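Notes follow once the structure below has been shown.
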Amino acid sequence: MPERVKKEPERDAGVLVLGLGRFGSSIASTLDRLGRDVLAVERNEVRVAQWSGRLPLVQADATNPEALEQLGAKDFAVAVVGIGSSLEASVLVTANLVDLGTPQIWAKAVSSEHGRILERIGAHHVVYPESDAGARVAHLVSGKMLDYIEVEDDFTIVKMRPPQEMQGFTLAQSDVRRRYGVTVIGVKSPGLDFQYATPETRVASSDLIVCGGHADLLERFAARP
1 MPERVKKEPE RDAGVLVLGL GRFGSSIAST LDRLGRDVLA VERNEVRVAQ
51 WSGRLPLVQA DATNPEALEQ LGAKDFAVAV VGIGSSLEAS VLVTANLVDL
101 GTPQIWAKAV SSEHGRILER IGAHHVVYPE SDAGARVAHL VSGKMLDYIE
151 VEDDFTIVKM RPPQEMQGFT LAQSDVRRRY GVTVIGVKSP GLDFQYATPE
201 TRVASSDLIV CGGHADLLER FAARP
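Heads up: the sequence shown begins at 1 in full-length UniProt numbering, then just goes up one per residue.
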């Protein structure tokens, strides 16, 4: 029987986070801070002691399907498998969740091979936090980009400083969409709220712009002086 560490919350459409390493603990603590219904599961006593009283938490071995059944894992709408240190444990926990019929399973992978296994056994979403973070930082250090989010199929959103050719002109005048194939979504001026872009939006040198488009096109656009 899993040892209860903190009273279990109501779980009508909650998120079950399995594994409280850096990835899992970041997700669980953020969800908890946002007021989402979350329950963390961790078998390591040191991590349980670290997070006890800070998160809704159960000490249990999620590789054991009976333990998952006892803590009511089947009642959760979403499960996040944050286990990366043991491929075997990651696969077993994911398979257990698949067997329980969890509607949405997000699983951390540490390699492409690991990710393919997770997908084949039924994980709905596989994430590569180390690889994704490395790629994101590479984009940020290579030019004017201040933030970089790859959405899907190479469609990317970036926050960046405007190239010189935009400064002092409206978006209609600079015509970056036709010239460079990227769309300016909005502009953030110092001390002002974010504003969605219109053709009449004038861009100053001190502004930040948020743009969307294909990753390669945005890279070339951000490399403009």
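Glycine included, every Cβ here is placed at the ideal spot set by N, Cα and C.
Remember, predicted model here, so these are calculated numbers, not experimental data.
At least three beta-carbon pairs within less than 8 Å, the region 101-115 to the region 59-72: no
Contact set for Ser174: own chain, Cβ-Cβ below 8 Å, skip 5 residues either direction: Glu165, Met166 and Val203
Paired residues, beta bridge with Lys159 - DSSP: Asp147 and Val210
Close beta carbons around Lys144, own chain, < 7 Å, minus the five adjacent residues each side: Met160, Arg161 and Ala222
Same chain, Cβ closer than 6 Å to Ser188, five either side skipped, listed in chain order: Before going on, a small fix: residue 188 reads as Lys here, not Ser. Phe194 and Leu208, listed in sequence order.
Alpha-carbon to alpha-carbon, His214 and Phe155: 5 Å
Per-residue burial, Ser56 [other beta carbons within 10 Å of its own, 16 or more giving buried]: Checking the sequence, you will find Pro at residue 56 rather than Ser. Pro56 comes out buried.
For Ile105, three-class secondary structure by DSSP: strand
Limits of the unbroken alpha helix (DSSP H) element including Glu42: Element bounds for Glu42: not the alpha helix (DSSP H) but the beta strand (DSSP E), Val38 to Glu42.
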